[in-house]
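Chains as they are written, first to last, in our numbering: chain A, 28 to 429; chain B, 28 to 429; chain C, 28 to 429; chain D, 28 to 429.
Glycine is no exception: its CB is placed at the ideal position from the N, C-alpha and C atoms.
There are 4 protein chains.
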Amino acid sequence: MPSQRIGIWIIGARGGVASTATLGLLAMRKGLSEPTGLVTALPEFARLDLATWDQFVVGGHEIRESTLFDALDRLRTESRVLEPAVIDACRAELTEIDSRIRRGSLTGCGPTIGRLAGEAMRPLAEEPPRDTIRRLQGDLREFQQATKAARVIVVNLASTEPVAVQSSLPESWKELDRLLEESARVPLPASSLYAIAALDLGMPYVNFTPSLGATLPAIQELAEVRGTCHAGQDGKTGETLLKSVLAPMFAARNLEVLSWVSHNIFGNLDGQVLDDPAHKASKIKGKDALLGKILGYAPQSHVSIEFIRSLGDWKTAWDHIHFRGFLGTPMTLQFTWQGCDSLLAAPLVLDLARLVELSSRRGETGVLSHLGSFFKQPIGLEEHKFSQQYCQLLAWAAERAQ
Amino acid sequence: MPSQRIGIWIIGARGGVASTATLGLLAMRKGLSEPTGLVTALPEFARLDLATWDQFVVGGHEIRESTLFDALDRLRTESRVLEPAVIDACRAELTEIDSRIRRGSLTGCGPTIGRLAGEAMRPLAEEPPRDTIRRLQGDLREFQQATKAARVIVVNLASTEPVAVQSSLPESWKELDRLLEESARVPLPASSLYAIAALDLGMPYVNFTPSLGATLPAIQELAEVRGTCHAGQDGKTGETLLKSVLAPMFAARNLEVLSWVSHNIFGNLDGQVLDDPAHKASKIKGKDALLGKILGYAPQSHVSIEFIRSLGDWKTAWDHIHFRGFLGTPMTLQFTWQGCDSLLAAPLVLDLARLVELSSRRGETGVLSHLGSFFKQPIGLEEHKFSQQYCQLLAWAAERAQ
Amino acid sequence: MPSQRIGIWIIGARGGVASTATLGLLAMRKGLSEPTGLVTALPEFARLDLATWDQFVVGGHEIRESTLFDALDRLRTESRVLEPAVIDACRAELTEIDSRIRRGSLTGCGPTIGRLAGEAMRPLAEEPPRDTIRRLQGDLREFQQATKAARVIVVNLASTEPVAVQSSLPESWKELDRLLEESARVPLPASSLYAIAALDLGMPYVNFTPSLGATLPAIQELAEVRGTCHAGQDGKTGETLLKSVLAPMFAARNLEVLSWVSHNIFGNLDGQVLDDPAHKASKIKGKDALLGKILGYAPQSHVSIEFIRSLGDWKTAWDHIHFRGFLGTPMTLQFTWQGCDSLLAAPLVLDLARLVELSSRRGETGVLSHLGSFFKQPIGLEEHKFSQQYCQLLAWAAERAQ
Amino acid sequence: MPSQRIGIWIIGARGGVASTATLGLLAMRKGLSEPTGLVTALPEFARLDLATWDQFVVGGHEIRESTLFDALDRLRTESRVLEPAVIDACRAELTEIDSRIRRGSLTGCGPTIGRLAGEAMRPLAEEPPRDTIRRLQGDLREFQQATKAARVIVVNLASTEPVAVQSSLPESWKELDRLLEESARVPLPASSLYAIAALDLGMPYVNFTPSLGATLPAIQELAEVRGTCHAGQDGKTGETLLKSVLAPMFAARNLEVLSWVSHNIFGNLDGQVLDDPAHKASKIKGKDALLGKILGYAPQSHVSIEFIRSLGDWKTAWDHIHFRGFLGTPMTLQFTWQGCDSLLAAPLVLDLARLVELSSRRGETGVLSHLGSFFKQPIGLEEHKFSQQYCQLLAWAAERAQ
């Protein structure tokens with residue numbers, strides 16, 4: 028196969044995760060960085076025919092103004108998480124990617140996200156959903172043509188939306204499609220409009236956020252109808268990853284978890300948005316539900332997320348796990364996780380792009396449930412133990428090894 | 028099957044783990060305690076024909092004087108880890124078990140353990156290995172006859188011996204057996220003499236300590252020759268359990284562990300013995316080796332074990348894991364584990380007794396490698412990831428389910 | 028001086044702190060316990076003519092039914108913080124004290140506290156403030172006569188009330204007194220009614236809680252008018268104590284605190300009441316204000332208090348302090364405090380009773396500002412650095428040494 | 028006073044602390060950095076006539092080759108603790124200071140430090156102590172003349188020497204002086220030779236390390252004889268600072284410390300030298316002794332220092348404090364301190380230079396015991412409580428305020 032071009036289209040293209048993923052892609056291509064943190068760089072995936080870093084081209088939607096370089100420079104200065112030399116070396120490519128970023132959508136994003144938007148978003152304030160979808164599709168098609176990409180993978184990395192009300196929406200794509208044609212008031216948030224735009228064009232859609240995205244039955248059906256695939260939701264990068272690793276240990280040893288308290292503090296833009304209770308609710312749901320599913324009972328649990336500006340991109344989690352052992356004796360495990368949010372998430376975004384691209388190339392359709400280990404709330408998968416989820420990914424890879 | 032009696036013969040029968048396991052067995056039999064902490068009480072093992080708590084009778088070897096009641100009362104008072112009412116309710120049975128405890132062996136145990144021994148041990152100071160084995164076998168036979176036990180499982184819970192020199196010993200049982208007959212100076216430590224005594228009688232032997240035990244090829248061969256089974260070594264109860272759970276996560280996410288520092292502090296008798304560098308070396312080896320095996324490379328690691336008297340049975344571990352993520356950014360995970368050593372180990376001892384008894388009843392011979400998840404240094408198993416080890420146990424159980 | 032009797036009258040007499048203080052008093056009197064945790068048992072206070080443990084008699088107000096023994100037995104069983112033998116040895120005296128406990132007041136305590144009240148409180152639901160004060164005073168007089176106590180110290184240990192609205196109340200005692208005579212709707216919470224009842228009888232009043240108590244100018248004036256003394260407010264026992272010890276270090280080293288995050292989890296009755304946001308607000312205010320006062324600037328701070336049932340009396344605090352050092356480099360201090368709430372507070376209650384009794388005996392009036400080191404929000408003291416507060420106490424003691 | 032020049036002569040001039048202090052001095056002079064972390068920049072010291080940053084010139088002794096720029100660049104790259112722009116902006120001045128750095132001494136430094144030395148040190152291997160002193164004094168005089176400095180303050184920041192044997196040395200300067208003239212084998216380590224060289228020239232000497240330095244009675248006498256001053260020893264920057272802050276709290280609350288465990292891990296050059304047990308012993312002594320002095324009794328304590336390469340300049344300390352409260356109940360405080368060693372120490376070095384310069388200018392002689400809050404083992408001061416030590420500094424400053 029002559030080396031095809033592959034597009035990654037990022038929603039929230041100048042956010043912390045997006046700009047870090049973009050920088051990492053460029054840095055690896057230039058040999059400035061090792062593939063540390065990339066699951067697909069492990070030997071277990073060496074025999075898959077995955078796209079290589081130099082095949083990828085990046086574009087995306089964004090509601091904010093500014094540049095990728097500024098976003099990275101802020102990460103570097105405020106959080107000391109990036110090497111200045113690497114950013115400088117990639118400046119020209121970053122500017123080129125900036126030129127491929129288009130205006131996104133604020134539909135259903137609420138006032139907290141709205142306040143982040145640039146001037147250019149203002150004329151779109153009243154845009155009906157159907158028009159938004161058409162506009163987004165225009166951007167996607169233009170990107171694909173301009174870059175001559177054989178395939179485009181759309182990845183949602185935008186700020187977490189408020190909890191969406193889903194009940195009133197039709198279950199089938201046909202009905203939802205009709206509703207979109209007929210009404211300017213369909214209660215779909217931006218994340219779902221992006222999903223529809225992508226899937227309807229046959230482009231795979233990955234939802235790395237807790238927002239609604241493609242989880243609606245009607246949108247999942249659309250993926251099947253158009254013969255494309257999707258995956259989600261909410262990247263599992265830190266504290267929840269640890270929960271999905273540690274909770275199975277308590278279960279396997281028949282140690283009864285009495286309470287599990289999780290405090291998360293961080294100071295990046297994601298944190299600022301989650302400081303709004305409406306957005307926080309979306310996030311906390313995903314961080315908490317897996318305990319009951321893994322343990323088979325629901326211990327008292329508490330999850331807090333607090334915006335502490337000084338921490339910047341450093342997400343620090345303190346978990347206090349109180350458990351009962353033999354003869355009823357209570358014991359304690361505490362952990363403190365100090366991770367850079369963007370740098371934990373970014374490689375997983377590139378992994379997902381590669382893995383989803385391969386599935387797409389091989390004609391796999393519908394939800395890609397073997398990707399569950401990447402997500403806090405894996406669509407199409409009831410399994411929440413990390414180790415078991417990862418075994419499923421390995422099994423999938425083994426079947427497709429060349 | 029009419030309910031047979033099963034003997035558990037504990038070496039180190041009045042130690043913290045042994046007395047807690049004995050108390051727990053009695054308490055569960057009386058309905059005073061739930062089976063929390065017992066792996067074999069999980070639903071996954073419900074369809075195995077495991078012996079029930081009321082089938083077990085307990086005896087053992089010990090080098091110290093005192094009583095089980097005193098050992099438990101000290102645990103309760105100094106470490107506040109047991110309910111007084113439970114100990115009181117079991118007092119009569121504990122006294123009865125005390126009457127079935129016989130003098131152990133100090134061979135190769137070094138002066139630190141020697142100082143713990145009671146007066147009654149003094150006449151045995153120069154006992155040649157072959158005589159020791161015969162004496163121990165006499166005790167085991169007497170116990171089996173007196174209790175009419177269908178099978179006796181021998182479990183080593185004695186204090187960790189100094190690192191043993193194994194190189195000079197013959198590889199086959201036949202040669203080792205001859206050497207024992209001919210020489211009073213065979214460099215076998217007590218743990219191996221107990222192992223030989225048990226296996227030679229066809230009784231399964233479980234080594235829950237880092238001591239040499241049955242690991243010698245010649246002794247493993249003896250198990251096969253006598254058609255019995257064995258398992259070991261060094262119970263995985265706390266910090267090493269966490270290592271075997273967390274290290275696979277770093278591996279699966281391609282996060283490079285730069286250093287892993289483990290500090291353990293505790294104040295029970297086990298801690299006092301391990302405060303002697305010769306004994307500590309045995310222990311640390313097992314706590315450290317698995318990292319390289321799980322990760323595929325050896326990060327700088329440091330393990331310390333300190334005897335801090337005030338902590339009593341509360342073993343507190345602080346681990347500091349420094350790792351590198353995407354674009355080379357270093358991050359940190361720290362955990363503090365506050366567990367009661369005896370109460371974490373005791374249920375695993377009962378689990379092992381039940382599982383080994385079933386293997387023995389079913390005629391399984393040699394090393395029981397499916398029990399690897401219970402041990403820091405699993406004999407006969409290269410796998411160190413806890414989740415994979417546990418899957419092997421579940422698979423073994425599934426095959427034998429009724 | 029022939030040994031006089033001293034009364035301690037505890038509001039919330041069957042709560043965790045109260046019952047522990049009562050038990051400790053009895054245990055020390057019987058020689059069953061050392062005075063660990065008692066500030067007044069330090070050599071620095073040896074030359075003060077403080078009352079001795081056998082001089083004290085205990086009574087109190089309570090809204091709940093049950094007994095002191097039951098309260099202590101629950102503490103022991105649920106939290107494993109007390110020795111059973113000590114409780115058993117004091118059972119008779121505890122029962123005697125139970126007989127001296129009278130019905131308290133629920134005025135202004137809100138529905139969360141109301142739900143804890145026993146049947147006997149029901150007839151008092153509509154009692155006007157003036158009648159409540161008279162009733163409480165009747166109880167205090169009866170106690171003093173029955174026990175022949177030379178002095179009675181009233182200590183408020185009741186659950187934290189919701190934040191009280193104070194603005195509408197008169198500033199002078201004369202006017203407040205008249206208002207109480209004339210109106211049945213004066214917005215004074217129970218803690219202030221107890222304060223008025225005590226001070227009006229010339230009995231000192233100590234407020235160990237964040238409730239309003241004697242902080243109103245009019246009530247402070249009453250203490251002066253009646254020639255008695257008072258102290259408060261909100262005992263400084265754990266995390267805030269650490270703040271008042273650590274923040275001065277950052278100040279003295281010119282290290283800039285960027286953010287200070289404090290998470291508190293615990294599961295006792297106090298925690299249950301604080302789980303109600305109206306009550307939590309009272310508490311958090313006191314835990315947070317001192318930072319700005321010590322540092323001279325207000326870093327971002329966050330205080331949470333969560334009710335985690337399984338922890339019982341074990342209050343666990345995790346604090347994350349992010350600070351900037353030389354050349355702007357950010358660094359971190361984290362601490363985890365695992366203290367028994369009742370056992371940290373109880374000795375301070377006895378200390379305060381002794382110290383206030385001495386002040387009262389010596390004729391000191393008004394607010395006892397030298398007791399500031401005992402309180403989160405010291406009345407009459409602007410100093411919040413623990414070390415400086417403690418120096419003031421030592422200076423006071425040195426002046427009164429014999 | 029026209030603005031005089033003040034020399035700071037640093038022993039170990041290219042070490043982490045020295046190069047950071049030098050950079051910080053330059054950065055503040057250029058307005059590139061705030062004086063965060065500098066005690067003397069606090070308002071409490073504003074009315075002292077302290078030298079300003081632009082008065083200072085820097086020179087020093089060093090045994091290693093390389094440059095200040097390289098040392099700083101390594102700190103930045105390996106530990107991410109410095110801003111590249113700041114280093115770049117000061118490059119010319121750093122190079123100039125490099126030209127004023129002379130060869131130090133390896134006498135009594137042991138092989139671990141010896142291995143760090145550059146080629147240029149080789150010819151000095153057998154230099155007798157008296158010759159070394161003369162050579163060092165030549166360097167100091169040359170520096171003072173070349174820079175026209177009114178006063179030169181000598182600060183020892185070199186790697187910790189092995190524990191020195193002091194017993195055999197004479198107590199008076201006269202005798203020690205004679206011995207140095209007569210013998211080439213006087214067992215004085217380099218730190219003491221530097222001290223003699225400086226004090227003998229009337230230059231103040233500050234020992235920021237645990238090495239012997241000026242602690243010998245004979246050398247302390249020399250300071251008095253020459254009418255100059257000195258201070259030491261071992262800068263208190265992190266974990267020991269916390270000990271001197273927290274231990275007084277336990278004392279003031281009569282909480283009995285049962286055990287205090289301190290684990291320190293770090294990876295800079297200092298850590299590499301301390302990894303040698305002979306050097307570690309010097310350090311641990313100072314970190315441990317203060318507990319008994321503050322508490323009035325000696326709880327079990329344990330201090331470990333481990334060299335963990337990946338941590339670079341990030342010194343992480345975990346302390347576990349087990350204490351007993353009321354009614355004998357054990358509780359726990361744990362803290363984790365994540366500080367940059369060089370950046371915590373560097374501002375204190377500049378503070379000491381300023382404070383000692385003022386004392387020198389004012390004619391104060393002998394040990395400057397009011398500087399005790401800066402040191403782990405304050406010479407001439409029995410007080411170890413940080414707050415009290417700091418009060419002494421404030422009192423000294425208040426007396427000298429203008």
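Which chain A residues sit within Cβ distance under 9 Å of residue i?
| i | result |
| --- | --- |
| proline 304 of chain D | Under the 9 Å cutoff, chain A gives no residues; its nearest Cβ is about 31 Å from proline 304 of chain D. |
Just checking: is the beta-carbon of residue i within a distance shorter than 8 Å of some beta-carbon in chain A?
| i | result |
| --- | --- |
| serine 46 of chain B | no |
| isoleucine 292 of chain C | yes |
| lysine 175 of chain D | no |
Along chain C, which residues have their Cβ under 8 Å away from the Cβ of residue i?
| i | result |
| --- | --- |
| proline 357 of chain B | Residues of chain C passing the Cβ test: none, with the nearest at roughly 14 Å. |
In chain D, which residues lie less than 7 Å from residue i when you measure between Cβ atoms?
| i | result |
| --- | --- |
| arginine 107 of chain A | Arg107 |
Quick check on this structure: which residue in the options has the alpha carbon closest to the alpha carbon of residue i?
| i | options | result |
| --- | --- | --- |
| threonine 359 of chain A | A/Glu283, A/Lys403, A/Ala428, A/Gly407 | A/Glu283 |
| histidine 257 of chain D | D/Phe83, D/Leu395, D/His88, D/Arg381 | D/Leu395 |
| glutamate 154 of chain A | A/Pro62, A/Lys201, A/Leu215 | A/Leu215 |
| leucine 102 of chain A | A/Leu59, A/Ala45, A/Asp158, A/Thr67 | A/Ala45 |
Which residue or residues does DSSP assign as beta-bridge partners of residue i?
| i | result |
| --- | --- |
| proline 357 of chain B | B/Arg351 |
List, in order along the chain, the chain B residues whose C-beta lies closer than 7 Å to that of residue i?
| i | result |
| --- | --- |
| serine 60 of chain A | Leu354, Gly355 |
Shorter than 8 Å from the beta carbon of residue i to some beta carbon of chain D?
| i | result |
| --- | --- |
| proline 111 of chain A | yes |
| glutamate 333 of chain B | yes |
| glycine 43 of chain C | no |
| threonine 63 of chain C | yes |
| leucine 102 of chain B | no |
Beta-carbon of residue i versus every beta-carbon of chain B: anything under 8 Å?
| i | result |
| --- | --- |
| phenylalanine 309 of chain A | Before going on, a small fix: residue 309 of chain A reads as serine here, not phenylalanine. Judged by the 8 Å Cβ criterion, serine 309 of chain A is not in contact with chain B. |
| methionine 28 of chain C | In this prediction, methionine 28 of chain C has a pLDDT of 47, which is less than 50 and means its spatial position is unreliable; nothing more can be read from the coordinates. |
| glutamate 410 of chain A | no |
Would you mind telling me which residues of chain C sit closer than 7 Å to residue i, beta carbon to beta carbon, in chain order?
| i | result |
| --- | --- |
| valine 272 of chain D | Val272, Leu273, Met276 |
| threonine 343 of chain A | His347 |
Quick one: is residue i near chain C, going by C-beta distance under 8 Å?
| i | result |
| --- | --- |
| valine 288 of chain A | yes |
Cβ closer than 7 Å: which chain A residues qualify as neighbours of residue i?
| i | result |
| --- | --- |
| histidine 329 of chain C | Glu333, Ile335 |
| threonine 363 of chain C | Gln361 |
| tyrosine 417 of chain B | Ala279 |
Find the residues of chain D that neighbour residue i, judging by a C-beta separation of less than 8 Å, and give them in chain order.
| i | result |
| --- | --- |
| asparagine 281 of chain C | Pro62, Thr63, Gly64, Leu65, Val66, Ala68, Leu69, Pro374 |
May I have a chain-ordered list of the alpha helix (DSSP H) segments no shorter than 4 residues that lie completely inside the segment 115-151 of chain D?
118-125, 137-141
Unbroken stretches of the beta strand (DSSP E), 3 residues or longer, contained in the segment 261-339 of chain A
With a minimum length of 3 residues, the continuous beta strand (DSSP E) runs that stay inside the segment 261-339 of chain A are 283-293, 327-334.
Every unbroken beta strand (DSSP E) within the segment 352-402 of chain A, with a cutoff of 3 residues, ordered by chain:
Runs found: 357-367.
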